[in-house]
Amino acid sequence: MIRRDEMIGATLNLGGTPISLDDYATTGLLAAAIAPRGMGKTSAGLLMAEQLSAQGWVSVLVDPENELESLYGDAVSDPDALRDALEARDRPIIVVNAKDAGEFVPFGEAILDAADQHRKPIFAMIDEGQLFSGSRRRRNGMGEAADIINEFAERGRKRALDLFITALRYTGTLQRTLFANKNLTLIGLQEDPTAWSALAPQFKASRIEFADLNALAPGEFMCLSRRGVEKVRMPMAAALKAVAPKAKPVAKTLPATFNQWTRAMSAIPTERLVELSEDVVGVLSTVAELSPQQILAGQAALQDELEART
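Mapping the sequence shown onto numbering that gives the first Met the number 0, position 168 (from 1) lands on 167, and the numbers just tick up by one.
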């Protein structure tokens, strides 16, 4: 039986209960993040790369947008430079610029070569995975790139090669092999109800429904690990935090959409809602300068919420 000693005692902290990598010592780590653009998939991969690099891995970030050099230094110039860097292991995080499957192939081969020769832990992050591992198209290098990534997934555990890949949707954007082998899944905001049929089996042992996924905010994910399902709010990767502009303070406003109301209400314990008597509501409404119509609408919504919870 394969046993990855570097996994013993290693952890990932993704905004929820720390994930012990002891659970992955015999299988390796194959993580996938599924959500629309702008929901924090890349940041999740960078967070994992930073944490694993601090624990002995070399992280290779495959970047189709040429955005990560400003965070982690110049990209390697060519596949041979990548091979040299993976042999020297003197750079904890290595950036690879590859805008499409054709550009990725020689770098992917270099990663496989290094994993074969050295068998030392490598974490590969494939951002925008649908560009490199489409489920249908085989031209323009897509087929060869998909085969390489499938090699990462199927045989990586024997090579100390771990993988993180992002996708826009749960089906139709990546090879089935990846979903068949994944063992850590991050599912973010889902806006298309028709996607629930594919997602539902992931949550059959929990009480999570499509509405729960539809209410997720950017940076929030349902994390499915060996220990079960947990909602997490992903911390920002350190490199991103260093360059992110500070948010300007904004005046607090009432939620304006159904999703905003759902998130706001779910964050309030039932015990607090029960304490909102008519007298308390009256005082709060006066302070907030609400109109009589707003007060009546709020009282009705409060009653509906309490009935739904009981």
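Glycine included, every Cβ here is placed at the ideal spot set by N, Cα and C.
Coarse secondary structure for residue i, derived from DSSP in three states
i           : result
residue 317 : Because residue 317 is not part of the residues shown, which for the chain are 0 to 309, the question remains open.
residue 39  : coil
residue 238 : helix
residue 233 : coil
residue 297 : helix
residue 339 : Because the chain here runs from 0 to 309, residue 339 falls outside it and cannot be looked at.
residue 285 : helix
residue 215 : coil
residue 184 : strand
residue 166 : strand
residue 265 : helix
residue 224 : strand
residue 13  : coil
residue 58  : strand
residue 28  : coil
Residue environment, residue i, which counts as buried when at least 16 other CB atoms sit within 10 Å
i           : result
residue 127 : buried
residue 293 : exposed
residue 96  : buried
residue 87  : exposed
residue 274 : exposed
residue 305 : exposed
residue 165 : buried
residue 237 : exposed
residue 302 : exposed
residue 219 : buried
residue 283 : exposed
Cβ pair residue i, residue j closer than 8 Å
i           : j           : result
residue 48  : residue 82  : no
residue 185 : residue 32  : yes
residue 58  : residue 67  : no
residue 131 : residue 103 : yes
residue 44  : residue 187 : no
residue 310 : residue 262 : Since the displayed the chain opens at 0 and closes at 309, residue 310 lies outside it and no answer follows.
residue 182 : residue 26  : yes
residue 28  : residue 115 : no
residue 144 : residue 100 : yes
residue 108 : residue 78  : yes
residue 202 : residue 231 : no
residue 14  : residue 217 : no
residue 224 : residue 18  : yes
residue 310 : residue 197 : Residue coverage of the chain in this structure runs from 0 to 309, which leaves residue 310 outside it and unanswerable.
residue 321 : residue 194 : Past the boundaries of the shown model lies residue 321; the chain is included only from 0 to 309, so the question cannot be answered.
Inset, instruction - Quick one: which unbroken alpha helix (DSSP H) runs of 4-plus residues sit fully inside the stretch 73-152? Chain order, please. - result: 78-87, 100-117
Inset, instruction - Check whether the stretch 153-172 touches the stretch 0-9, counting contact only when three or more Cβ pairs, one atom from each stretch, lie closer than 8 Å. - result: yes
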